[in-house]
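*Asks:* Take this structure first; my questions come after.
There are 2 protein chains.
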Amino acid sequence: MSSFDKLFSKIDELKPTFINRLAKAVEIPAVSSDESLRPMVVKKAEFLLEQLEANGFTDIQRKELGTQPPPVNDENLQLPPVILSRYGNDPAKKTVLVYGHYDVQPASIEDGWESEPFKLVINEEKQLLRARGATDDTGPLTGWINVIQAHREAGIELPVNLITCFEGMEESGSLGLDALIAREATQYFKDVDAVCISDNYWLGAKKPCLTYGLRGCNYYQITINGPAADLHSGIFGGVIAEPMIDLVQVMGTLADSKGNILIKGIEEMVAPITDKESKSYDNIDFSLEDIEAASGSKTSLYQKKEDILMHRWRYPSLSIHGVEGAFSGQGAKTVIPAKVSGKFSIRTVPDIDSDKLTNLVVEHCNKAFKNLGSPNTCVAELIHDGNYWLSDPYNSSFSAAAKATKAVYGVEPDLTREGGSIPITLTFQDELKTSVMLLPMGRGDDGAHSINEKLDISNFMKGMKLMAAYLHYYAESPEK
Amino acid sequence: MSSFDKLFSKIDELKPTFINRLAKAVEIPAVSSDESLRPMVVKKAEFLLEQLEANGFTDIQRKELGTQPPPVNDENLQLPPVILSRYGNDPAKKTVLVYGHYDVQPASIEDGWESEPFKLVINEEKQLLRARGATDDTGPLTGWINVIQAHREAGIELPVNLITCFEGMEESGSLGLDALIAREATQYFKDVDAVCISDNYWLGAKKPCLTYGLRGCNYYQITINGPAADLHSGIFGGVIAEPMIDLVQVMGTLADSKGNILIKGIEEMVAPITDKESKSYDNIDFSLEDIEAASGSKTSLYQKKEDILMHRWRYPSLSIHGVEGAFSGQGAKTVIPAKVSGKFSIRTVPDIDSDKLTNLVVEHCNKAFKNLGSPNTCVAELIHDGNYWLSDPYNSSFSAAAKATKAVYGVEPDLTREGGSIPITLTFQDELKTSVMLLPMGRGDDGAHSINEKLDISNFMKGMKLMAAYLHYYAESPEK
Ligand SMILES: [Zn+2]
Ligand SMILES: [Zn+2]
Ligand SMILES: [Zn+2]
Ligand SMILES: [Zn+2]
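Chain order of the listed sequences is D and H. Quick note on the numbering used here: the first sequence kicks off at 13 and runs consecutively. Quick note on the numbering used here: the second sequence kicks off at 13 and runs consecutively.
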């Protein structure tokens, strides 16, 4: 496609329609974590089914996922459906699966919102759309439907087959989705060539990016067990070996205050930096000020952009989250806790093997505890793990997205990774054996899970053009 | 008084009357911590006022203490009264103030009691009295009234003037009592020669003791402040200096797992052991098995009786109680807490100066934090302190109690200290400028704050004889 003029004009022309579609969608308070609002999540799914139908999608399937597993108040609570649909089914074309989620985070005006969170506000002055779900993820999700509508009304053929996979439980752990993807890998999803997930954000507020990596997360617990019950520190202080003192000693061997993990053998598993990766940080729009603004403090461990980004994206980190079983209230309580569990997690990166990491962690903790010579007992264990994800940011899907970014925004996108996990990314990659890309629509300051969530109108409009251009460039790419 | 035969016979004779008085008293659920039960605390005070009146006490005063200070649900909640009364007012006699508390700990049969906690059960087989308050402190408190009744009915003159100070808020911090003692020091209490507190227990279950020391308690908090709000460990882990990692490092410098306090300068303040004190441990009825039974574990830091007792009584100890502001629930939460406060306390002993200790602790924490080179901020501070108490266990009051023990139980009492605090002890000593003694009635296994609280019938009966004999021997002692 030599020019996107006609398509982009149509997108601009349909702006009121698209904003209206988003407004109708976000008015439904589809909070997946609130059981009492489950009917609203289902209602939003039904709204989307209508929209797909009206815009020529075919083979529309409302996939039920059964009852929600415990812990749950209503043991018959049904999971919201996953919506599968197609646009086009031409064997000669590539097939792109687009993922989005229609559920949202909780929100209430009492939290400090400037306006009702479940009512779209169009702020003409700031040129933004404010509502819960605007950027996470109803804006991007409806964006895909809008892109099809624009093609149809402009009379332009969609150059790929599109498959939608829209879920309603993302904010509550994507319950049931892994199993559905596994089931459909050889069914509904069997011809998928690439997966595109639009459920993340630019690094900052100025420059578009493509995201090619996520860290994994291994969560651990060290439990120290002492007396049979909590004891009075007047009577037993100085006489009994205190589990909390042991725990503080063991946790003190995990990491230092400079950001170094002190567990031996982890560093050696981290993939070395290539020249290509090293150079990729040069042009990224990010600075120390960004991390200071985001954390509301001057407590960054690093001052240089490259160091900050590398430690967020490509190096492991260890965080101590808290202690279960000890006094945690305000004021003073003089009890000696009988059993305490320290909680910490390690963010993982290529090529850290999760099992090997767990062995290293458990051995380290056992050794540190043994060195104390305490009569208490200690158990270190993995609570859960989720692997890192890393894609080739120069493959045909990413290249198409880079071209599309250039066409829409006039700049090369930053190639970014993220420090957190989006577990479904890895599931798609592993189950469908395809490349996966994260293509953000919104900005880093959209407040996805905070009050006053917004999506800039320019990000909404350009984001849809980006999606459209991506499909065209990807269709043109040599590989199938 | 050459023989206690007549008095002790009368006490034995009145056994049913005394048990009945105790039964009536403990049936009133005087739980001071439960605002809704405050009328019951007052009702119990009124029952005691009647008992004092009926037994010839004079100048009976119901001292109101005003409204209970916040935090409280009902801001007009009145504190229960302190009951003052006299028996005898002869300037030629010594005056003994006896303290007891009529409020009790909460109790409910659902907690696992064998019988209704607010109903006295007379277990003939085990020869014990079971009820909330039996040993703490309604049994000893009514014991003093019973002693007067026995004297009256036996026609024996009380050789001292007795003053009662019975409060109803002991289990809730003795609110208002310090101020009352200060006010009455030159009024109601102006002629007091000695204070006797019967609100503690034998060390074990076999041998009577007199208690001449209590440790103090200084409670500290180290607060580390980092980012403006809790952060996502995926995005900020490895990039931001984490307050919880700093806190673990600082708390790790406070104490080791062997029971040593690592803060410099504290050890030097501890009074050296005298030969007399050293020898006083020899005959004390206590063993490693006792501490293992009490803690339900084999986690004692010491194996020898003397070491255990000295570390409970005469050496300082440091306990880490918990962390405020960090994750403290079950399971896994990946947040980086923005602000965390570590709580710890130091039990103090002669001659540790509280202010000097606080300076050492604060300096130590500041230095340990500074060594980390963290960009976060740290504040170490005292939350509250209460001084240790130590009496001369060979003064006239203790000597009288030792003779009384020999007369009643046929053995020399163990001279014990306790690891915890009873702050009112120090208040009496400081405000009345008199010696104070702790004269226990019950045993170490009475379960004062636990389920199935009991008082052995023999401890009740012999305890009253001990109180009576103490008053007689103290009256005979040369000093006034
Ligand atoms: Zn999302
Ligand atoms: Zn979200
Ligand atoms: Zn008590
Ligand atoms: Zn008590």
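We put the CB at the ideal spot given by N, CA and C, even for glycine.
#1: With a cut-off of 8 Å on the beta carbons, I'd call residue 95 of chain H and residue 49 of chain H a contact; round off their distance for me.
#2: Let's see if you can read the secondary structure: which residues bound the alpha helix (DSSP H) around residue 488 of chain D?
#3: In or out: residue 230 of chain D buried (at least 16 other Cβ within 10 Å) or exposed?
#4: I'd like to check one pair, residue 400 of chain D with residue 164 of chain D: are the Cβ atoms closer than 7 Å?
#5: Let me know if residue 293 of chain D comes out buried or exposed under the rule of 16 or more other beta-carbons within 10 Å of its beta-carbon.
#6: With 9 Å as the C-beta to C-beta threshold (strictly closer), list the residues of the region 65 to 78 of chain D near chain H in chain order.
#7: Here's the rule: buried if 16 or more other CB atoms are within 10 angstroms of the residue's CB, otherwise exposed. What is residue 88 of chain D?
#8: Residues in the region 245 to 264 of chain D with C-beta within 8 Å of chain H's C-beta atoms, listed in sequence order?
#9: Closest to residue 166 of chain H by CA distance: which of H/240, H/480, H/345 and H/360 is it?
#10: Going by the beta-carbon positions, is the gap between residue 357 of chain H and residue 340 of chain H smaller than 7 Å?
#11: Between the Cα of residue 359 of chain D and those of D/326, D/388 and D/351, spot the shortest distance and give me the residue it belongs to.
#12: Give a yes or no on whether the minimum CB-CB distance between residue 135 of chain H and chain D is below 7 Å.
#13: Which of helix, strand or coil does DSSP assign to residue 315 of chain H?
#14: Is residue 380 of chain D close to chain H, meaning its C-beta is less than 7 Å from at least one C-beta of that chain?
#15: Does DSSP put residue 94 of chain H in a helix, in a strand, or in coil?
#16: Count the CB pairs spanning the region 457 to 469 of chain H and the region 134 to 151 of chain H that are closer than 8 Å, and state whether there are at least three.
#17: Return the first residue and the last residue of the alpha helix (DSSP H) that residue 163 of chain H is part of.
#18: List the residues of chain D that residue 241 of chain H touches, going by C-beta distances under 7 Å, in chain order.
#19: Using a Cβ-Cβ cutoff of less than 6 Å, which residues in the same chain neighbour residue 73 of chain H once the five nearest sequence positions on both sides are dropped?
#20: Could you check whether the Cβ of residue 320 of chain H sits closer than 7 Å to any Cβ belonging to chain D?
#21: What in chain H is Cβ-close to residue 339 of chain D, meaning under 7 Å?
#22: Please identify, using Cβ separations under 7 Å, the residues of the region 376 to 401 of chain D that lie next to chain H, in order along the chain.
#23: Taking DSSP as the reference, what is the three-state secondary structure of residue 406 of chain H?
#24: Going by other Cβ atoms of all chains shown within 10 Å of its Cβ, with 16 needed for buried, is residue 426 of chain D buried or exposed?
#25: Once the 5 residues before and after residue 318 of chain H are set aside, which same chain residues still bring their CB inside 7 Å of it?
#26: Under a CB-based cut-off of 7 Å, is residue 98 of chain H close to chain D?
#27: So the candidates are H/309, H/315, H/287 and H/285; which of them puts its Cα closest to the Cα of residue 299 of chain H?
#28: Are there any heavy atoms of ligand 2 lying less than 6 Å away from the beta-carbon of residue 148 of chain D, as far as the coordinates show?
#29: Does the region 400 to 417 of chain D come within contact of the region 374 to 384 of chain D, defined as at least 3 CB pairs closer than 8 Å?
#30: Given a cut-off of 7 Å on the beta-carbon distance, is the pair residue 392 of chain H and residue 273 of chain H in contact?
#31: Any heavy atom of ligand 1 closer than 6 Å to the CB of residue 211 of chain D?
#32: So if I threshold CB-CB distances at 8 Å, which residues from the region 172 to 205 of chain H count as touching chain D?
#33: Cβ-heavy atom distance between residue 183 of chain H and ligand 4 below 6 Å?
#34: When you compare the region 175 to 190 of chain D with the region 283 to 290 of chain D, are there three or more beta-carbon pairs, one atom per stretch, that lie closer than 8 Å?
#35: Within the 7 Å Cβ cut-off, does residue 217 of chain H reach chain D?
#36: Tell me the residue span of the alpha helix (DSSP H) that contains residue 449 of chain H.
*Replies:* In short:
#1: Translated into the one-based positions of the second sequence, residue 95 of chain H becomes position 83. Translated into the one-based positions of the second sequence, residue 49 of chain H becomes position 37. Contact doesn't hold; Cβ gap of about 18 Å is too wide.
#2: As a first step, residue 488 of chain D must be located in the first sequence, where it is residue number 476. Taken as a continuous stretch (DSSP letters only), the alpha helix (DSSP H) holding residue 488 of chain D covers 469 to 488.
#3: Counting from one through the first sequence, the residue named residue 230 of chain D turns up at place 218. Buried.
#4: Here residue 164 of chain D refers to the residue found at position 152 when the first sequence is read from its first residue. Here residue 400 of chain D refers to the residue found at position 388 when the first sequence is read from its first residue. In this structure, residue 400 of chain D does not lie closer than 7 Å to residue 164 of chain D by Cβ.
#5: As a working note, residue 293 of chain D is residue 281 in the first sequence. Buried, because 16 or more other Cβ atoms sit within 10 Å of the Cβ of residue 293 of chain D.
#6: none
#7: In the first sequence, counting from the first residue as 1, residue 88 of chain D sits at position 76. Exposed, since its Cβ has fewer than 16 Cβ neighbours within 10 Å.
#8: 245, 246, 247, 248, 249, 250, 251, 252, 253, 254, 256, 257, 258, 260, 261, 263 and 264
#9: Residue numbering aside, residue 166 of chain H sits at position 154 when the second sequence is read from its first letter. It is H/480 whose Cα lies nearest to the Cα of residue 166 of chain H.
#10: Your numbering for residue 357 of chain H matches position 345 in the second sequence. Your numbering for residue 340 of chain H matches position 328 in the second sequence. Contact: no.
#11: As a working note, residue 359 of chain D is residue 347 in the first sequence. For the residues D/326, D/388 and D/351, the minimum Cα distance to residue 359 of chain D belongs to D/326.
#12: Start at 1 with the first residue of the second sequence, and residue 135 of chain H comes out as number 123. By this cut-off, residue 135 of chain H is not an interface position.
#13: What you label residue 315 of chain H is simply residue 303 of the second sequence in a count that begins at 1. It is coil, neither helix nor strand.
#14: Along the first sequence, one-based indexing puts residue 380 of chain D at 368. Chain H, which has no Cβ nearer than 7 Å to the Cβ of residue 380 of chain D, makes this no.
#15: Within the second sequence, numbered from 1, the residue matching residue 94 of chain H stands at position 82. In this structure, residue 94 of chain H counts as strand in the three-state DSSP scheme.
#16: yes
#17: Position 151 of the second sequence holds residue 163 of chain H. From DSSP, the alpha helix (DSSP H) with residue 163 of chain H extends over 150 to 166.
#18: The residue you call residue 241 of chain H lines up with position 229 of the second sequence. Going along chain D in sequence order, the residues near residue 241 of chain H (Cβ under 7 Å) are 308.
#19: Looking up residue 73 of chain H in the second sequence gives position 61. Around residue 73 of chain H: 96.
#20: Against the second sequence, residue 320 of chain H aligns to sequence position 308. Judged by the 7 Å Cβ criterion, residue 320 of chain H is in contact with chain D.
#21: As a working mapping, residue 339 of chain D is identified with position 327 in the first sequence. Residues of chain H passing the Cβ test: 333, 334 and 355.
#22: 384, 385, 386, 387, 388, 395 and 396
#23: Residue 406 of chain H sits at position 394 when you count from the first residue of the second sequence. Here residue 406 of chain H sits in coil by DSSP.
#24: Here residue 426 of chain D refers to the residue found at position 414 when the first sequence is read from its first residue. Burial call: buried.
#25: Numbered from its first residue, the second sequence carries residue 318 of chain H at position 306. The residues are 293.
#26: Working through the second sequence from its first residue, we reach residue 98 of chain H at position 86. No, its Cβ sits nowhere closer than 7 Å to a Cβ of chain D.
#27: Within the second sequence, residue 299 of chain H is the residue found at index 287, counting from 1. Considering only alpha carbons, the answer is H/315.
#28: Counting from one through the first sequence, the residue named residue 148 of chain D turns up at place 136. Indeed, a heavy atom of ligand 2 lies less than 6 Å from the Cβ.
#29: no
#30: On the second sequence, position 380 is the one that residue 392 of chain H refers to. On the second sequence, position 261 is the one that residue 273 of chain H refers to. It is not a contact, given that the beta carbons lie outside the stated cut-off.
#31: Taking the first residue of the first sequence as 1, we reach residue 211 of chain D at position 199. Within the cutoff, so yes.
#32: none
#33: In the second sequence, counting from the first residue as 1, residue 183 of chain H sits at position 171. True, at least one ligand heavy atom lies under 6 Å from that Cβ.
#34: no
#35: Reading the second sequence from its first residue, position 205 is the one you call residue 217 of chain H. Not an interface residue.
#36: On the second sequence, residue 449 of chain H is found 437 positions in, with the first residue counted as 1. Unbroken run through residue 449 of chain H is the beta strand (DSSP E), 447 to 450; no alpha helix (DSSP H).
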